[in-house]
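The structure appears right after this line, and notes come after that.
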Ligand code: SF4
Ligand code: MG
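In the UniProt record's numbering, the protein residues as written are 2 to 320.
Below you can see the structure in the form of structure tokens.
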């Protein structure tokens with residue numbers, strides 16, 4: 002398999018007045034070139050932080066980030082500048098991430114200028130028009146401002162801007178969460194078409210499992226800074242195994258699932274990610290919790306081919 006990205010024991014801790022916040026706490030995964038890894042979890046689980054740490058928009062506290070086999074945490078500023086052309090990000094709220102005083106053509110053209118991708122103004126203008134075509138934006142919008150456009154078009158601008166430097170790898174952080182459901186499908190289809198056409202690899206971050214269901218090759222479920230389950234998407238939906246994944250899946254409307262699941266409510270206090278106690282971080286909300294669950298972090302174990310789960314109960318059943 003041609004791994005484009007692998008993270009090993011990735012950690013990002015933040016100092017806070019109350020103690021050390023374990024936002025990302027020992028995450029391991031890899032992605033094959035041209036595939037999509039969906040990263041799913043509730044807000045605060047560390048999924049966005051993971052995406053930013055991988056792009057070195059935030060510096061990791063520990064661990065390795067291997068991009069095409071090289072640990073990019075060792076890269077110099079100049080090496081990182083070149084790497085920026087290959088790794089991009091699409092943000093959740095296109096409006097907040099776009100400069101309101103710049104026109105559509107200026108926004109899409111800016112990375113071309115910063116990275117000196119074009120020889121002159123004419124080349125920039127031609128490339129901007131080409132990018133607008135690629136994402137399905139009419140050339141009539143060249144001189145409009147983001148606030149004049151609807152959310153779907155604004156997100157297309159964000160995508161065009163991310164594509165400007167011909168990246169190989171894109172972190173998509175809740176790219177459709179701020180959009181109406183009808184527009185969501187259009188943008189997801191566009192992203193899938195672009196992936197096929199340009200051979201892109203995606204990390205697709207979302208709190209909404211139904212969004213990544215048809216889109217992801219693999220899905221990683223995060224809870225309080227750690228991966229609790231990872232599997233090919235079809236396996237995860239057919240045989241969700243971690244109690245947290247089951248709860249997330251049971252919240253999806255039945256019509257979009259192949260089989261009926263009993264609704265599992267998420268109750269109980271969420272463990273604090275600040276100075277977390279040893280043991281499973283889901284224990285306070287888990288209906289299956291036993292005293293043993295407080296003894297040490299559950300390890301991510303392979304329960305079936307390519308299907309990994311971190312749960313003491315499941316580990317016990319495997320012995
Ligand atoms: Fe629940 Fe225990 Fe498994 Fe954690 S380790 S998910 S508390 S059964
Ligand atoms: Mg987020």
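Glycine included, every Cβ here is placed at the ideal spot set by N, Cα and C. Bear in mind that the values here come from a model prediction, so they are computed numbers and not experimental data.
| query | result |
| --- | --- |
| Residue 151, enclosing alpha helix (DSSP H) - first and last residue | No alpha helix (DSSP H) contains residue 151, which DSSP labels as neither H nor E. |
| Meets three-Cβ-pair contact criterion under 8 Å: the segment 28-47 and the segment 218-225 | yes |
| For residue 238, the three-state DSSP class (helix, strand or coil) | helix |
| Meets three-Cβ-pair contact criterion under 8 Å: the segment 92-103 and the segment 172-181 | yes |
| Residue 296 CB to nearest heavy atom of the ligand SF4 below 7 Å | no |
| Opening and closing residue of the alpha helix (DSSP H) in which residue 250 lies | 244-251 |
| For residue 29, the three-state DSSP class (helix, strand or coil) | strand |
| Extent of the continuous alpha helix (DSSP H) to which residue 172 belongs | Per DSSP, residue 172 belongs to no alpha helix (DSSP H); it is in the beta strand (DSSP E), 170-174. |
| Integer Cβ distance of residue 145 from residue 104, believed to fall under 8 Å | 7 Å |
| For residue 23: DSSP bridge partner residues | 14 |
| Residue interval of the beta strand (DSSP E) (run including residue 292) | Here residue 292 belongs to no beta strand (DSSP E), and DSSP marks it neither H nor E. |
| CA-to-CA distance, residue 242 to residue 139, given in whole angstroms | 46 Å |
| Cβ-heavy atom distance, residue 38 to the ligand SF4, below 7 Å | no |
| Closer than 7 Å: residue 292 CB and nearest the ligand SF4 heavy atom | no |
| Contact set for residue 67: own chain, Cβ-Cβ below 6 Å, skip 5 residues either direction | 7 |
| Residue environment, residue 162, which counts as buried when at least 16 other CB atoms sit within 10 Å | buried |
| Residue 56 vs residue 88 beta-carbon contact at 8 Å | yes |
| With 16 other Cβ atoms within 10 Å as the buried cut-off, status of residue 141 | exposed |
| Span separating the alpha-carbon of residue 74 from that of residue 64 | 9 Å |
| Contacting residues, own chain, Cβ-Cβ under 6 Å from residue 219 (five flanking each side not counted) | 38 and 233 |
| Near the ligand SF4: residue 216 beta-carbon under 7 Å from a heavy atom | no |
| Under 8 Å between C-beta atoms of residue 40 and residue 204 | yes |
| DSSP beta-bridge partners of residue 231 | 221 and 309 |
| Same chain, Cβ closer than 6 Å to residue 106, five either side skipped, listed in chain order | 129 and 143 |
| Close-in-space but distant-in-sequence residues of the same chain around residue 23 (CB under 6 Å, 5 per side omitted) | 14, 226, 274 and 277 |
| Residue 312 versus residue 303 - alpha carbon distance | 11 Å |
| beta-carbon residue 314 near the ligand FAD non-hydrogen atom, thresh 7 Å | In the structure shown, the ligand FAD is absent; the only ligands present are the ligand SF4 and the ligand MG. |
| Sub-8 Å separation of residue 112 and residue 58 beta-carbons | no |
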